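K.L.:
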Amino acid sequence: WIEGGKPSLSSVPKLKHFTLINQKQYTTINVGQLNTLKAKSKVTLASLMEVGIVTSNDGPLKLLGEGELTVALTVEAAAATQSAIDKITTVGGSFEVTGSK
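Numbering (my numbering), first residue to last: 665 to 765.
This is how it looks when you write it as structure tokens:
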């Protein structure tokens, strides 16, 4: 029931947030973390887990553009930001999209 003198919305509980259903989970890594790899090597989620750069598999690999890249690499990932792709191609590397989106 509505209490007198009080706006009706103040008696309704407020929702703090809501979670997205079926939200895509990615294993994210920044471009700057790839500088420890050998030049011209192929970078996949499995190879990053072998080296120890990525410790857990939270889903397909997504590359973010934070940091600077100094080594030319062939990167295979499910997604990447435009700045990450630009940094990879600027140093002479290549980016390929895998089918696991």
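Here a beta-carbon is modelled for each residue, glycine too, at the ideal position from N, C-alpha and C.
Note that the coordinates shown come from a computational prediction; the quantities given were computed from them, not determined experimentally.
1. Let me make sure I understand the geometry here. Which of 750, 752, 744 has the alpha-carbon closest to that of residue 761?
2. Tell whether a beta-carbon distance below 7 Å holds between residue 753 and residue 706.
3. With H, G and I counted as helix, E and B as strand and the rest as coil, what does DSSP make of residue 714?
4. Would DSSP call residue 758 helix, strand or coil?
5. Looking at the strands, I want to know which residues DSSP matches up with residue 693.
6. Do the CB positions of residue 691 and residue 715 come within less than 7 Å of each other?
7. Which residue's Cα is closest to the Cα of residue 757: 698, 678, 720?
P.N.:
Working from what's here:
1. On the sequence shown, position 97 is the one that residue 761 refers to. Comparing Cα positions, the closest option is 744.
2. Along the sequence shown, read from residue 1 onward, the residue named residue 753 stands at position 89. Along the sequence shown, read from residue 1 onward, the residue named residue 706 stands at position 42. No, Cβ-Cβ distance for residue 753 and residue 706 is not below 7 Å.
3. The residue given as residue 714 occupies position 50 in the sequence shown. Helix at residue 714.
4. By 1-based counting over the sequence shown, the position of residue 758 is 94. Three-state result, residue 758: strand.
5. What you label residue 693 is simply residue 29 of the sequence shown in a count that begins at 1. Looking at the DSSP assignment, residue 693 forms a beta bridge with 727.
6. Position 27 of the sequence shown holds residue 691. Position 51 of the sequence shown holds residue 715. Cβ distance not < 7 Å, so residue 691 and residue 715 don't count as in contact.
7. On the sequence shown, position 93 is the one that residue 757 refers to. Nearest of 698, 678, 720 to residue 757, Cα basis: 698.
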